[in-house]
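Worksheet: one structure, shown below.
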Amino acid sequence: MNNDLRTETVTRDNVLKLLSDDEVASVSTAETATRLLDGEEYLDLEHLDRGVQKTSKSPTAMAGLLPRRTVHKDTWGKIVALLGRPSSAVKPT
Numbered sequence: 001m002n003n004d005l006r007t008e009t010v011t012r013d014n015v016l017k018l019l020s021d022d023e024v025a026s027v028s029t030a031e032t033a034t035r036l037l038d039g040e041e042y043l044d045l046e047h048l049d050r051g052v053q054k055t056s057k058s059p060t061a062m063a064g065l066l067p068r069r070t071v072h073k074d075t076w077g078k079i080v081a082l083l084g085r086p087s088s089a090v091k092p093t
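So, in structure tokens, the structure goes:
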């Protein structure tokens, strides 16, 4: 399956099912923060087709985002594998 087609079939629910209870709590806590910091990696759960993104000079609003720092590195790896994209393929926003 090519990466574009595979990414289209991955849903927010697929990603959230990979999170442990502790990670869900961490993500929920992070959503109360105002913004991501410069250089942070994250996924936009409403636009998974964009893959892993990285904040640039202007901070990013938190609504609907999954910051990398809120999940264990093994979970992040599973999510990136599910998306079918290497973690190093981040795009600045």
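Counting in this note's numbering, the sequence shown runs from 1 upward without gaps.
Beta carbons are placed, not taken as given, at the ideal position from N, Cα and C, and that holds for glycine.
What is the rounded straight-line gap between the Cα of Gln53 and the Cα of Asp44? Roughly 8 Å separates the two Cα atoms.
Outcome for Thr108 when other beta-carbon atoms lying within 10 angstroms are tallied against a minimum of 16: Outside the shown range of the chain (1 to 93) lies residue 108, about which nothing can therefore be said.
With distances taken between CB atoms, is the gap from Leu82 to Asn14 smaller than 8 Å? Yes, the pair counts as a contact, with Cβ atoms nearer than the cut-off.
Host alpha helix (DSSP H) of Leu82 (start-end): Residue range Lys73 to Leu83 is occupied by the alpha helix (DSSP H) that includes Leu82.
Closest residue to Thr55 among Ile79, Gly64 and Asp38 (Cα-Cα distance): Check the Cα spacing between Thr55 and each of Ile79, Gly64 and Asp38: the tightest is with Asp38.
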